[in-house]
Structure formats: C-alpha cells, structure tokens
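Just so we're aligned, residue 4 is where the sequence shown starts under our numbering, counting upward by one.
Notes for the one structure printed next.
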Amino acid sequence: MNALMQTYGRYDLAFERGEGAYLFATDGRRFLDFASGIAVNALGHSHPHLVKALIEQGQKLWHTSNLYRIPGQERLAERLVAATFADKAFFANSGVEAVECGLKLIRKYHDDFGDPNRYRVIAFEGSFHGRTMTALAAAGNEKYSKGYAPAVDGFDHCAFGNLNEVRAKIGPETAAILIEPVQGEGGMRAAQIEFIQGLRKVCDEFGLLLMFDEVQCGVGRTGKFFAHEWAGVAPDILATAKGIGGGFPLGVCLASERVAAAFQPGSHGTTFGGNPLAMAIGNAVLDVLLEDGFLARVNKVAAHLDRRLDELLRRFPGAFESKRGMGLMRGLKCASGVTNTDLVDKLRGLGLLTVSAGDNVLRLLPPLIVTNAEVDSAIDMLAAAAAEAKAA
Ligand code: PLP
Numbered sequence: 004m005n006a007l008m009q010t011y012g013r014y015d016l017a018f019e020r021g022e023g024a025y026l027f028a029t030d031g032r033r034f035l036d037f038a039s040g041i042a043v044n045a046l047g048h049s050h051p052h053l054v055k056a057l058i059e060q061g062q063k064l065w066h067t068s069n070l071y072r073i074p075g076q077e078r079l080a081e082r083l084v085a086a087t088f089a090d091k092a093f094f095a096n097s098g099v100e101a102v103e104c105g106l107k108l109i110r111k112y113h114d115d116f117g118d119p120n121r122y123r124v125i126a127f128e129g130s131f132h133g134r135t136m137t138a139l140a141a142a143g144n145e146k147y148s149k150g151y152a153p154a155v156d157g158f159d160h161c162a163f164g165n166l167n168e169v170r171a172k173i174g175p176e177t178a179a180i181l182i183e184p185v186q187g188e189g190g191m192r193a194a195q196i197e198f199i200q201g202l203r204k205v206c207d208e209f210g211l212l213l214m215f216d217e218v219q220c221g222v223g224r225t226g227k228f229f230a231h232e233w234a235g236v237a238p239d240i241l242a243t244a245k246g247i248g249g250g251f252p253l254g255v256c257l258a259s260e261r262v263a264a265a266f267q268p269g270s271h272g273t274t275f276g277g278n279p280l281a282m283a284i285g286n287a288v289l290d291v292l293l294e295d296g297f298l299a300r301v302n303k304v305a306a307h308l309d310r311r312l313d314e315l316l317r318r319f320p321g322a323f324e325s326k327r328g329m330g331l332m333r334g335l336k337c338a339s340g341v342t343n344t345d346l347v348d349k350l351r352g353l354g355l356l357t358v359s360a361g362d363n364v365l366r367l368l369p370p371l372i373v374t375n376a377e378v379d380s381a382i383d384m385l386a387a388a389a390a391e392a393k394a395a
C-alpha cells in the first residue's frame, strides 16, 4: 500500500471473490455486501449474464476508438433512448465524465442556440458530482474542494428543496439547474416530488436547462429505471454511471435532441468511452434490468427493507434517529452520540458491509438482486450493532 497515493483511508481488508450479495475476503471471511462498491454492483457480484458478456466480448474485441462505428454503442444508445426521456447518448468511463459532458453541453447549447452570456448553473448544498475541478465547484462543498482554490467559475448554490431560493438566484447569466434527485454522498436525502416538478416549471419559465445527476440514484436503485421518473418530469440532460456498468467502468450522458444538437463532430470526445467491452457489459446489464418484472421485484424487496428499517428505528431510538432515501438507496441518520463511521466499523466486524454518508448517515446500498432473507440477515447485524452503539 505504501506505493499508493494516500487518497483513501482504507480498511485492512481485501477480497478475492464475490457471488451475488456476498464478498469473500482473502482471509476466508464472508461479508454481506450492502455497499455494492458504492452503488456500482447493481446485479451483485459475478452475475452469470455479465460474466458471459465479458468473456464473449473479451475474446473478440476490446477497443477500437471512436474513429469508427461501434455497433454495441449504437445498440446501447438506442435502448437507453427507448427506455428514457432522451434522444441521444454519449458514453464515458465514469460518473464525473458523464457530469462534465452534461455541463459542457449546457454551455454549448446556450452558446449556439441562445445567449452565450448564459453560463452559470444553479446547484445544491449537500450535493456531490465527482472529483474534477468543475465537479468540485458544482458541489461547492468545502469537504472536497478545500486546497483546490480558485474554484471553477459558474456555479451558484441553493438549499436543497428551497424553490423560492432557486427563483431568487436566477439571473441573466443563469443557464441551467443541476440536481441529484436523491443525494447520495450528502446524506441520502430524496428531493420532494413537488420540488423536482417545481424545478422543471422554473426551467421552462426562464429558458433554463434541467440536468439530473443520477450517477448514484439511477439505474433501478430507487425502483424506477431513473429516480426522476417518480416525479413524472423529464430533464433536458441526465448523467449516470455506477450501476449501468454493473462493476465495469461506464458513464453515460443522455440528452434531448434539441439540446444534444449543440454537439457536432469535434465538440467533445473521449478515447476510451463507449469501447466495445464496456458496451457489451452495459447491454448485458440492461438485458437483466429491463426484463419484465425486474424492477417490480426491486420495489418488493425495497418495501420489505423499508418495513424492517421502521422496526429498527422503533427498537433502537438511541442509535438511529430517522430513515432516509428511497428504494434500495437507504440511509439511517445516526442519533447524537452515535457516529456513522463507528457503526460502519462495527458492522464490518459482524460481517455486513455498509458505507458512511454526510450528515452522520449510515448508507445501505444492497445489490438490486438482494433477497428478503438477505435483508433480514442485514437487519439482524444492524440490530446487534445498534444495541452495542446505544450501550456505548
Ligand atoms: N455524481 C454522483 C451523484 C456521485 O455519487 C458520484 C460518485 O459517487 C459522481 C457523480 C462521480 O462519479 P465517479 O466517481 O464515477 O466519477
């Protein structure tokens, strides 16, 4: 580990194998994985359909560059377009690249079709959009941006959920609004449906573009293909990643025809994005996720998890204050005196992998293929950790 840059405070734990909702450590221990590589392993570990796609494509062709047509890319784009609000897709390798594509598209759109002076984006307190300089500025969170001044210009911030503040911030230079429909890193906060609908109305009223960052909350995590579908409104641009590759690096920026028209050959690009290997796996993820009944099953197990979390809250008010999030993207706000990272450590000791989030929240991100029995087993470990935390 000494040769690695110290960007992570890593646990002294390594895995050698995964199967479904379980990870197996090099020392033989088995862990129930309610972290899913931070919402990445949507179909669990070693899903046979994904493994097959990886091997078959791996034996044929990995990379050709975007100088040529890539049939898997065209197919995945068509399928995403058919399943969403979007008309066009751009493929990248990560969440932040998908976000960056959307932010560039916002500026290019106004430059080409509207008013080039419009470049500012309204974003929200508690948000997270990735680690590039632009994404740090978009989130405006000291925790991630400290030491990297000066910030990239062009972002204004409002309280998450406050439509009056959004209206007050709009000026002649405002180009767009960027929001995570469910904030992940910031503390698993789901925006009110009325707030999302209000943002769409405000955007229409002022000629702004609406961009959703669904890098974490998209791809079935909330029980819909994309979280914003619960609000019944469409964005102009959407960035997603994580679950769409099922563990393989893959990011996507989706946009409506009108907005995507601002990109012409040369406007934007990537060497690796949309390579045949990533596309084969992305298509395999969609085979499973869009299968009849898959999301209905996610909603069923999510309802079970919800009931079990309510029980946990009733039993351990000294450990947990409230529940947050939606679907299989859940958070438990820890009670005062209880620290989320201590709970993550305790749970890992018991055999359950979880993640901390901002605002002293314990994050639960099981794979979408999790069963009720696995949820019950996680709840038993959460109860054991909560009992200890309360007693401490
Ligand atoms: N946007 C959101 C909402 C995220 O949760 C993340 C990562 O956690 C990102 C963007 C950045 O994604 P990546 O780490 O793949 O660049």
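Using N, Cα and C, we set each Cβ at its ideal position, and we do this for glycine too.
Endpoints, the alpha helix (DSSP H) within which residue i is located
i, result
"I199", "196 to 209"
"V236", "Counting along the chain, V236 falls outside any alpha helix (DSSP H), and DSSP gives it neither H nor E."
"Q76", "74 to 86"
"T374", "Segment: none, T374 is in no alpha helix (DSSP H) and carries neither H nor E."
"M136", "136 to 142"
"A171", "166 to 172"
Coil, strand or helix - residue i by DSSP
i, result
"Y112", "helix"
"Q186", "strand"
"K149", "coil"
"V124", "strand"
"S39", "helix"
"S130", "coil"
"R224", "coil"
"R192", "strand"
"R261", "helix"
"A242", "strand"
"R33", "strand"
"H231", "helix"
"G155", "Before going further, note that residue 155 is Val rather than Gly in the sequence given. Coil."
"A89", "coil"
"M8", "coil"
"G269", "coil"
"L16", "coil"
"L106", "helix"
"T344", "helix"
"D383", "helix"
Check: residue i C-beta below 6 Å from any heavy atom of the ligand PLP
i, result
"D216", "yes"
"V99", "yes"
"Q219", "yes"
"A244", "yes"
"G187", "yes"
"E232", "no"
"E208", "no"
"E314", "no"
"E103", "no"
"E145", "no"
"E128", "no"
"E22", "no"
"E77", "no"
"E183", "yes"
Unbroken beta strand (DSSP E) run spanning residue i, endpoints
i, result
"E55", "At residue 55 the sequence reads Lys, which differs from the Glu that was named. Looking at the DSSP string, K55 is not in any beta strand (DSSP E); the run it does join, the alpha helix (DSSP H), is 51 to 61."
"M214", "212 to 216"
"F158", "158 to 161"
Opposing strand residues paired with residue i [DSSP bridges]
i, result
"G21", "L26"
"T177", "R123"
"A95", "G254"
"H48", "G23"
"V358", "R366"
"G249", "F251"
"R351", "DSSP, once it has assigned bridges, lists no residue as partnering R351."
Any non-hydrogen atom of the ligand SAH closer than 6 Å to residue i Cβ
i, result
"H132", "Ligands in the displayed structure: the ligand PLP; the ligand SAH is not one of them."
Mind listing, in chain order, the continuous beta strand (DSSP E) runs of no fewer than 3 residues lying wholly within the region 276 to 342? 323 to 329, 332 to 337
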